[in-house]
Every structure is written in structure tokens, then in C-alpha cells.
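Trainee: Numbering (the UniProt record's numbering), first residue to last: 1 to 95.
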Ligand SMILES: [Ca+2]
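1) What's the call for residue 33, buried or exposed, on a 16-neighbour Cβ count within 10 Å?
2) What three-state label does DSSP hand residue 42 in the structure shown?
3) Could you give the first and the last residue of the continuous alpha helix (DSSP H) run that contains residue 68?
4) Ignore the nearest five residues each way along the sequence and tell me which others in residue 75's own chain have a CB closer than 7 Å to its CB.
5) Excluding the 5 residues preceding and the 5 following residue 19 in the sequence, name in chain order all residues of the same chain whose CB lies nearer than 6 Å to its CB.
6) Would the C-beta of residue 66 count as close to ligand 1, meaning under 6 Å from any of its heavy atoms?
7) Excluding sequence positions up to five away, which residues of its chain have a Cβ less than 6 Å from the Cβ of residue 53?
8) Provide the residue(s) that pair with residue 22 in DSSP beta bridges, ordered along the chain.
9) Just confirm the distance between the C-beta atoms of residue 39 and residue 46, as a whole number of angstroms; I'd bet it's less than 8 Å.
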């Protein structure tokens, strides 16, 4: 698996702006921010609470290759590519 697909210098301003909206000023995504994104984009079926803290933290840990505890754009992008490839909600237990 190629982990770093995106070079910061290749990001467009629009991509940076979008990521900043999610990640905030620190430009890294915490598990809470990840939950917001997941709940917004992929709503778990029959679950109004959205994704659990455990799922979000597990996903984050899986993609956090530098163990910073948060996802950089590169790390987030790998996750996002996987989200597009599968229906994540069918592969991850929600609770
Ligand atoms: Ca990280």
C-alpha cells in the first residue's frame, strides 16, 4: 500500500481550504472531527447516533502512520480513498 499519495505542494487551494474546514487551524483531524465527517458523509443505517467513539478512534489509529494521534491531510486522504472504495459502514461494527 502506498501511504503517502499526496504531496502538500500538489494540493490546490480549494483542497487545502476544504481540509482546513474539517481539521481546523491545526490542520490535523482529531477523532471528534473524524466523527463529524463520517456522520455527515456516510450515515450509518438505522443509527441516529452516528459512529461511536470507539469506531472513530480505531479508524484514526489505523490511518495514523506517524502516531501523532491525529490525521494529517496525507493520512486522511488514504482513509478517504478507502471510504470511496468500500461501503465502510458494512465493514466496521458501529458499536
Ligand atoms: Ca498523524
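Yeah, the Cβ is synthetic: ideal placement off N, Cα and C, and Gly gets one too.
Mentor: By the coordinates alone:
1) For the purposes of this step, residue 33 is identified with residue 33 of the chain shown, where counting begins at 1. The residue is buried, with at least 16 neighbouring Cβ atoms inside 10 Å.
2) What you label residue 42 is simply residue 42 of the chain shown in a count that begins at 1. The answer is coil: DSSP assigns residue 42 none of H, G, I, E or B.
3) Here residue 68 refers to the residue found at position 68 when the chain shown is read from its first residue. Per DSSP, residue 68 belongs to no alpha helix (DSSP H) and is neither H nor E.
4) Taking the chain shown and counting its residues from 1, one reaches residue 75 at position 75. These residues qualify, in order along the chain: 63, 64, 65.
5) Within the chain shown, residue 19 is the residue found at index 19, counting from 1. Answer for residue 19: 73, listed in chain order.
6) The sequence position of residue 66 within the chain shown is 66, counting from 1. Yes; taking the cut-off as 6 Å, the Cβ of residue 66 has a heavy atom of ligand 1 nearer than that.
7) Position 53 of the chain shown, counting from 1, holds the residue named residue 53. Nothing listed; no residue qualifies.
8) For the purposes of this step, residue 22 is identified with residue 22 of the chain shown, where counting begins at 1. Beta-bridge pairing links residue 22 to no other residue.
9) Mapped onto the chain shown, residue 39 falls at position 39. Mapped onto the chain shown, residue 46 falls at position 46. With 8 Å as the limit, residue 39 and residue 46 do not qualify as a contact, their Cβ atoms being about 14 Å apart.
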